[in-house]
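Down below is the structure, laid out as structure tokens.
In the numbering used here, the protein residues as written are 1 to 434.
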């Protein structure tokens, strides 16, 4: 990787950092100044290389500066391709939608209208809930324990995390919180609770406009709902005329080895929310897939300036051509996920903890937030970037690029194993790995 800009002096970095709001977070966990990236590697302005098992929180499924996507994008820019177009018709948007229909929807027998509500996943969640309330005439929405759907006001009302919710003094209302699959233990089917509450006119729970869920709770601790539970939630929603919204922002776009995270359950949600790796290149792009009978918007009723990010349409179309024209890429993701599963199961057996998640969205729950933070810090010291998640941040979470090669994947897992082992071995071992 070549230098693309002169490195900043340490004093200048500190001075510039001081300008940024106290809300900044990832730079506190990973105190380095990054300048370049390629594939699964991040490089600082001083030339230090880090293996990236965070991948933009799942926004870089195809790696940093994927050469194929970069070539498409630079060629488009060199040809004076339009970059921003509101929601006007453009060649790049039409090409993306056509490829999405051909490569994703038709092979899965899906029939949806596509809406581009704005650049972020939270924008898309807001639009999904707004539409559900519009078409049903109801206001209540059911969301689940440990859910994360974004930090804008409406999305925050659906999010369960106390830290994020504490940032708002406004009432986060019109949402009923119910236990996610497994929240009350394996012996309790929490779908029973939902069914009982909606069937009982005296439960005090108003029939909702929508039920919103993640099939794997990425920020909530890598909790994965069973296929049977998901199918039952789908049936209950249909029985009561309630829209089912699947937030596939982090778990979608191939992260579990299928394009959608709900494919194994055979679901057809009423609304699907996509973002993060939809563009494939870290370009902001969010999209709703809306069952045609629910597409009740009036023209311009849900608006936003940055709906037409054509740079994202270009790279998104390129991902569909390169990775989703056949089953080979998905099979590779499943194979690599098996390597992660094997490694995490071995760590759990030897050093304690429990593997959680699925596909290339897995982690190790060590049961202690301080220990998990210690593992994250040790990994960073050993040039591996990963984060923690869960209500008490007890889960060490792995989100490597799906395109990572076996060598980098094995190296990262080996570093993680050493750091997990070090936190079991006392101060002397910790000092040696530093």
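Backbone N, C-alpha and C fix where the C-beta goes; we use that ideal spot for every residue, glycine too.
- Here DSSP, grouped into helix, strand and coil, assigns residue 404 to coil.
- In the structure shown, the three-state DSSP call for residue 363 is strand.
- Judged by DSSP in its simplified three-state form, residue 140 adopts coil rather than helix or strand.
- When secondary structure is reduced to three states using DSSP, residue 91 falls in the helix class.
- Between the C-alpha atoms of residue 150 and residue 357 there is a straight-line separation of about 20 Å.
- The three-state reading of DSSP puts residue 188 in coil, since its state is none of H, G, I, E or B.
- Contact between the stretch 277-295 and the stretch 241-259 is present: 3 or more CB-CB pairs across the two stretches fall below 8 Å.
- The stretch 228-244 makes no contact with the stretch 160-167: fewer than 3 CB pairs, one atom from each, lie closer than 8 Å.
- Taking each of 363, 285, 351, 29 in turn and checking the Cα distance to residue 96, the smallest one comes out for 285.
- Between residue 244 and residue 206, the beta carbon gap of about 17 Å keeps them out of contact (Cβ cut-off 8 Å).
- DSSP, reduced to helix, strand and coil, places residue 227 within a helical segment of the structure shown.
- Here DSSP, grouped into helix, strand and coil, assigns residue 329 to helix.
- Annotation: residue 102 to residue 61 spans about 21 Å, alpha carbon to alpha carbon.
- Considering only 48, 119, 360, 411, the residue with the shortest C-alpha distance to residue 311 is 119.
- Per DSSP, reduced to three states, the secondary structure at residue 20 is coil, with no helix or strand assignment.
- The DSSP-derived three-state label of residue 43 is strand.
- For residue 351, the CB contacts under 7 Å within the same chain, skipping 5 residues up- and downstream, are 420, 421, 424 in chain order.
- Contact holds between the stretch 359-369 and the stretch 334-345, because three or more Cβ pairs, one in each stretch, are under 8 Å apart.
- In the DSSP assignment, residue 309 forms a beta bridge with 84.
- Distance check between residue 133 and each of 81, 211, 360 places 211 closest, using alpha-carbon atoms only.
- Taking the Cα positions, residue 156 is about 8 Å away from residue 148.
- Using a 10 angstroms sphere on the CB of residue 23, the tally of other CB atoms stays under 16, which defines it as exposed.
- Apart from the 5 residues on each side of it in sequence, residue 197 sits with its Cβ closer than 7 Å to the Cβ of 203, 205 in its chain, given in chain order.
- Exclusion of the five residues before and after residue 30 leaves 380, 385 as the residues of its chain whose Cβ lies within less than 7 Å of its Cβ.
- Residue pairing by DSSP leaves residue 116 without any beta bridge partner.
- In the three-state DSSP reduction, residue 130 falls in the helix class (H, G or I).
- Within a 10 Å sphere around the beta-carbon of residue 16 sit fewer than 16 other beta-carbons, which makes this residue exposed.
- Bridge partners of residue 321 according to DSSP: none are assigned.
- DSSP places residue 293 within a helical segment (H, G or I) once states are collapsed to three.
- Distance from the CA of residue 174 to the CA of residue 208, rounded to the nearest whole angstrom, comes to 9 Å.
- Excluding five sequence positions before and after residue 32, the CB atoms of its chain that fall closer than 6 Å to its own CB belong to 44, given in chain order.
- Taking residue 48 as the centre and dropping the five residues before and after it, the same chain places the C-beta of 32, 383 closer than 8 Å to its C-beta, in chain order.
- DSSP places residue 357 in the strand class (E or B) of the three-state scheme.
- The three-state secondary structure of residue 273, taken from DSSP, is strand.
- Note that the C-beta distance between residue 396 and residue 360 is not below 8 Å.
- Residue pairing by DSSP places residue 246 opposite 213, 272 in a beta bridge.
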